[in-house]
């Protein structure tokens, strides 16, 4: 396992603009990724769809854990309910998945080895992203149309599903 010094944290990267706001994600990754593309874990925060942030203790802690164990971890903010009504939140999650896949070469990640996980409301969105890969009405129109939003694994914790 890698140490804290072997991990790089890249905060506040814009993955999409929606409702007049830049939507951001944080990347936590091994300092040296080697020759083989690394698998990905995308984290979605909880907060009842009303509050919460990608930089929560759970988001930062789990991202560091995954990076130390050979993954590239992304912690994603999505629009909350006071910013936009559903299905905007899943649109944002799917935009983040497309952004991650479109940056595979830049970050040396494997776009065919993506897991998504979330806690509470984030778990709901992770589960929805996992089962709604072909549902056009849930894709949204934020950035990079035509890139699949399919993920290979879903993990939920305390999710209302």
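In my numbering, the protein residues as written are 761 to 921.
The beta-carbon is built from N, C-alpha and C at its ideal position, and this holds for glycine as well.
Note that this is a predicted model, so its numbers are computed, not measured.
With DSSP as the reference, label residue i as helix, strand or coil.
| i | result |
| --- | --- |
| residue 879 | strand |
| residue 804 | strand |
| residue 848 | helix |
| residue 822 | helix |
| residue 921 | coil |
| residue 817 | helix |
Return the residue from the list the options that minimises the CA-CA distance to residue i.
| i | options | result |
| --- | --- | --- |
| residue 818 | 869, 880, 905 and 906 | 880 |
| residue 762 | 861, 828 and 778 | 828 |
| residue 907 | 807, 815, 861 and 764 | 861 |
Can you find the residues in the same chain that come closer than 8 angstroms, C-beta to C-beta, to residue i, ignoring five residues on each side of it along the sequence?
| i | result |
| --- | --- |
| residue 899 | 851, 854, 905 and 909 |
| residue 911 | 802, 857, 874, 875, 876, 889, 890 and 893 |
Keeping to the same chain, check which residues put their C-beta closer than 6 angstroms to that of residue i; ignore five residues upstream and five downstream.
| i | result |
| --- | --- |
| residue 883 | 916, 917 and 919 |
| residue 901 | none |
Looking only at its chain, what residues have a beta carbon closer than 7 angstroms to the beta carbon of residue i, apart from the 5 residues adjacent to it on each side?
| i | result |
| --- | --- |
| residue 830 | 790 and 798 |
| residue 849 | 809, 838, 839 and 885 |
Next on the checklist: Does the contact criterion of 3 or more C-beta pairs under 8 angstroms hold for the region 811-830 versus the region 853-864?
Outcome noted: Counting Cβ pairs under 8 angstroms, fewer than three are found: no touch.
Checklist entry - At a cut of 8 angstroms, does the region 784-792 reach the region 910-920 through at least three beta carbon pairs? => result By the C-beta criterion, the region 784-792 is judged not to be in contact with the region 910-920, since fewer than 3 inter-stretch pairs fall below 8 angstroms.
Checklist entry - Can you list the beta strand (DSSP E) stretches of 3 or more residues lying completely in the region 860-911, in chain order? => result Runs of the beta strand (DSSP E) inside the region 860-911: 869-879.
Item to check | Three or more C-beta pairs below 8 angstroms linking the region 795-806 and the region 763-782 | outcome: Counting Cβ pairs under 8 angstroms, fewer than three are found: no touch.
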